[in-house]
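Scroll down for the structure; my scribbles are underneath it.
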Amino acid sequence: MKNSSWDSSLQGSSSSSSLGQLNLWESFDNPTDTWMPEGKIGYNKRTQKKQLLSSWKNSEDPSPGLFTQGIVPNRSLYVSRWNMSEQYWNSGSWNGHGFDLVPEMGLDDLFNFSFVDNVNESYFTFWLYDRSVLARYVLDVSGQVKMMVSIDNTHWSLTYSQPKQQCEVYGSCGVFGTCILNSVPFCDCLPGFKRKFDKDWDLKDYSGGCVREIDLQCENDGRKDKFLTSPNIRLSEQHSQSLAVGNLGECESACLSNCSCTAYAYDEKRCSIWNGELLNMQKLSIGDGGGRTIFIRLSASSSDFSYNKTHKWVLIGAIMGSFALVLVILAVILSCRTRRRRTYEGGSLAFGYTDLQNATKSFSNKLGGGDSHIFNANESKFLDWKTRYTIALGIARGLAYLHEKCRDCIIHCDIKPENILLDGEFCPKVGDFGLAKLVGRDFSRVLTTMRGTRGYLAPEWISGVAITTKADAYSYGMMLFEILSGRRNLEDFLEDNKKIFFPCLAASVMIEGGDVLGLLDPLLDKADVDVEEVSRVCRVACWCIQDDESIRPSMGRVVGILERVTDVNMPPMPRLLRVLGARQEEMVFFTNPSCGVSSLVKSTTSSGSSIEMSV
């Protein structure tokens, strides 16, 4: 909305009157941190003036902060920059519907984005299909851009954010600050350091970073500095210096001899040293292979090197270690005596080949597979709704990691309950990678032979085109229906004495606004079920099995929906389900494997025509 910021209301000559009605400032020409519907973010080719989004300095100070976003002149893409210089994110080029690197834009039916390029200007704009919905595109204090919507005009919901991970924002935690994913706040200081400005940190402005608790000595008074070991740190080598040394000690000496050296790392006879302030450090979780051990320079008088503190912990460790050793010896002696007195009551057993063959049905089923807890589960194995929802979310996280976080994208190609392993705490692990395909990050598709399990195969397998990670998303959607109902999708499901394909039933009930609780496993206690979670699972499953792979959500998007970070709209009825629903009276959902004839599903209609599809 464009409003005059000032009106002089002057009376007098016509010239004075016209001056008094001039717009001196318009909000759409100066968007600060927020881009509103029908506003422009672009570049005036005549005046060479850019319209930039600029973050607030902190959560209470609207003055310009360190982060900006704007269009690149003569190119149809956005970039985000730190301190008007370092680029840390770009949107990718405009493809006619959205930006290449922001796939969420093409999946949302709330907005219509467009790009205009003429002789006077080039700019992006967007508007809402439903004008009763409120929306705003914000460059946050954290450096992320966030698309926010308010459908009921009571609260704002996050649709998507870019970059997706906070730690991808350049300089988000300042110098000597470390970024930690899934932590609140996401910035912290290393041992031996403290916040530079406590008040700014309280206002979510971490750009000031951290400072040493005690200044470096650099051999003043005959004392030397020391190095604190910091494992699992990701630090760019862009501003580091590489040296060829023989061992770790030589690498430390090289850094110690240079007063401007603040950190070093050593691996495989390669020494990396960093001079000056360290920026963009990320603390990784244990088990993440992307980090390395960084040795941070601190004053020798730092409390982290205190002799008394070290001596105390060494003494405590020695006492506890001795005590633990005594307990272990006593436990071994007691166990040996008990084993001599009793017959078998449990413990480890050695199983023979025949035992394993019987337990796995001639090695057709894996031990620990999730299917045993869903299909034909007895009372001891039955999963309540909360556990099922947690398992569905865990599987989605695992697939998102394979698709988006690994060095090479991994397409599993055979997602089904049998390939989901559950531990004692029902934490899911994706298993059986025998059919998986590796896809380089420079490629989005891979051409391969047909593979997988009927009932979970995406349509693109049948057509013979190159596949993407969306093939796994399709299989995941089919598996969600089975987690929901507690039965195989290809089993005969009866409703009013009529056979019905369960995904058809679930999609119809959800889209027509029926009772979604009626779709649940009948063994579940409906009183303990969250209706909102059931609705989200149904909608996600329906989106995942869309015939057009381009509108299926990525597994990262699925994680956001199941975590309730992102809302999900009502999906359309998949074309395949619509065909099956219209002709399922005569449909044979699966053929007998013993016939060895076909794995095709075939239905004959009254007109004599037939439908064939591979499952």
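Numbers 740 to 1354, taken from my numbering, label the letters of the sequence shown in order.
Glycine included, every Cβ here is placed at the ideal spot set by N, Cα and C.
Closest option to Val908, judged by alpha-carbon separation, among Thr968, Lys938, Glu860 and Gln826: Gln826.
Within the model, the alpha-carbon separation for Ala1139 versus Ala1210 is close to 13 Å. With the rule of 3 Cβ pairs closer than 8 Å, the region 840-860 does not count as touching the region 910-920. A Cβ-Cβ separation of about 11 Å leaves Ala1135 out of contact with Ile1222 under the 8 Å criterion. Tyr868 sits exposed, since fewer than 16 C-beta atoms from the chains shown fall within 10 Å of its C-beta.
In this structure Gly1216 does not touch Cys1166 by the C-beta definition: roughly 22 Å separates them, more than the 8 Å allowed. With contact defined as three or more Cβ pairs closer than 8 Å, the region 1241-1252 and the region 1187-1207 are not in contact. Shown here for Trp866: same chain residues with a beta carbon closer than 7 Å to its own, the five before and five after excluded, namely Pro776, Glu777 and Asn851 in chain order. When the beta-carbon positions are compared, Lys1168 and Leu1160 come within less than 7 Å of each other.
The beta-carbon separation of Met1218 and Lys1155, rounded to 6 Å, stays under the 8 Å limit for a contact. With a threshold of 16 other beta carbon atoms within 10 Å, Ala1039 falls short and is exposed. Judged by their CB atoms, Thr1032 and Trp1013 are not nearer to each other than the 7 Å cut-off. Within the region 974-1057, complete beta strand (DSSP E) segments of at least 3 residues are found at 979-983, 1000-1006, 1009-1014, 1020-1022 and 1031-1037, given in chain order. Shown here for Ala993: same chain residues with a beta carbon closer than 7 Å to its own, the five before and five after excluded, namely Leu982, Val984, Cys1010 and Ile1012 in chain order. Boundaries of the beta strand (DSSP E) harbouring Ile1149: Cys1148 to Ile1150, taken from the DSSP string. Nearest to Glu989 by C-alpha distance, out of Tyr1005, Ala1205, Ile1201 and Glu765, is Tyr1005.
For Phe932, the uninterrupted beta strand (DSSP E) run begins and ends at Phe932 to Arg934, by DSSP.
In this structure, Gln808 lies near Ser819, with their beta-carbon atoms less than 7 Å apart.
For Asp937, the three-state secondary structure derived from DSSP is helix. Secondary-structure assignment with DSSP links Trp828 through a beta bridge to Ser819. Leu1141 and Val1178 have their C-alpha atoms spaced approximately 11 Å apart. Comparing alpha carbon positions, the residue from Lys1008, Gly1029 and Thr968 closest to Leu974 is Gly1029. Per DSSP, reduced to three states, the secondary structure at Arg1314 is helical.
Taken atom to atom, the span from the alpha-carbon of Asn986 to that of Leu1066 is near 40 Å. Per DSSP, reduced to three states, the secondary structure at Ser861 is strand. Considering only Asn1019, Leu873, Pro902 and Asn892, the residue with the shortest C-alpha distance to Asn829 is Pro902. Secondary-structure assignment with DSSP links Cys949 through a beta bridge to Arg934. At least 7 Å separates the beta-carbon of Asp927 from that of Arg1036. Here His978 is exposed: its Cβ has fewer than 16 other Cβ atoms, across all protein chains shown, within 10 Å. Its Cα nearest to that of Gly913, the residue Ser881 stands out among Ser881, Tyr899 and Arg1127.
Contact between Gly831 and Leu816 holds: CB atoms are separated by about 6 Å, below the 8 Å threshold.
CA-to-CA, the gap between Gln956 and Glu991 works out to about 16 Å. The beta carbons of Ala1212 and Pro1292 sit about 7 Å from each other, so the pair counts as a contact at 8 Å. When Arg1303, Glu860 and Val1318 are compared, the shortest CA-CA separation from Asp1286 is found for Val1318. Taken through DSSP and simplified to helix, strand or coil, Trp1124 comes out as helix. In the three-state DSSP reduction, Pro1167 falls in the strand class (E or B).
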